[in-house]
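J.:
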Ligand SMILES: CC(C)(COP(=O)(O)OP(=O)(O)OC[C@H]1O[C@@H](n2cnc3c(N)ncnc32)[C@H](O)[C@@H]1OP(=O)(O)O)[C@@H](O)C(=O)NCCC(=O)NCCS
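In our numbering, the protein residues as written are 1047 to 1196.
#1: Return yes when the Cβ of residue 1149 is within less than 8 Å of the Cβ of residue 1080, no when it is not.
#2: When you compare the CB positions of residue 1133 and residue 1118, do they come within less than 8 Å of one another, or not?
#3: Run through DSSP, which three-state label would residue 1109 get?
#4: For the candidate residues 1056, 1179 and 1104, whose alpha-carbon lies nearest to that of residue 1120?
#5: Tell me where the beta strand (DSSP E) around residue 1122 begins and ends.
#6: Grab me the residues of residue 1182's own chain with a C-beta within less than 8 Å of its C-beta, minus the 5 sequence neighbours each way, in chain order.
Laid out in structure tokens, this is it:
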């Protein structure tokens, strides 16, 4: 299920010397949004192991309001793949807000960990995880270790 995980606004301190937003700043926000999506389903810790398919499609500017949507799309034995979509609305003429549009997206992979070692997602799922997540975790449980779906 797609969820709004983080919402905020771009301020002048987030800008680079050309007046645009640092790509790394956006990536950091997306990583945090993905970690919230993961923390909502796991009782254990989790770490980022990979970011792929990262696309900066349009610039982000000072004053833009951002919305970071996350969706857990795959679960392996110990890994979780999350699609992260960074959307914005800009302030346009006469204080109107533009349409919301997707400007950056990426795929984040997190691994559930305990004592710095990977653990099976099934063993650390929160009891209130949704039916879809429980199903994905049980399918993932039967995948061979290291065959994480990328
Ligand atoms: C995460 C970590 C504990 C895994 O170590 P490990 O237990 O030896 O790793 P495994 O070989 O069992 O792999 C664990 C899972 O990660 C997946 N994985 C590992 N590297 C990956 C990569 N680059 N991309 C996608 N998946 C990857 C594996 O496919 C496996 O998935 P599965 O269990 O669902 O099949 C270790 O790699 C680590 O600590 N990395 C650093 C993480 C970090 O510091 N991140 C930045 C800050 S949060």
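For glycine and all other residues, C-beta sits at the position ideal for the given N, C-alpha and C.
On a predicted model such as this, the values are computed, not experimentally measured, just so you know.
T.: So, from the listed chains and residues:
#1: Along the chain shown, one-based indexing puts residue 1080 at 34. Along the chain shown, one-based indexing puts residue 1149 at 103. Contact flag unset, no.
#2: Counting from 1 along the chain shown, the entry for residue 1133 is found at position 87. Counting from 1 along the chain shown, the entry for residue 1118 is found at position 72. No.
#3: As a first step, residue 1109 is located in the chain shown; it is residue number 63 there, counting from the start. Looking at residue 1109 - three-state DSSP - the assignment turns out to be coil, as it is neither helix nor strand.
#4: Taking the chain shown and counting its residues from 1, one reaches residue 1120 at position 74. Among 1056, 1179 and 1104, the Cα nearest to that of residue 1120 belongs to 1179.
#5: Here residue 1122 refers to the residue found at position 76 when the chain shown is read from its first residue. That residue, residue 1122, is in no beta strand (DSSP E); it is neither H nor E in DSSP.
#6: Counting from one through the chain shown, the residue named residue 1182 turns up at place 136. So the qualifying residues of the chain are 1118, 1120 and 1121.
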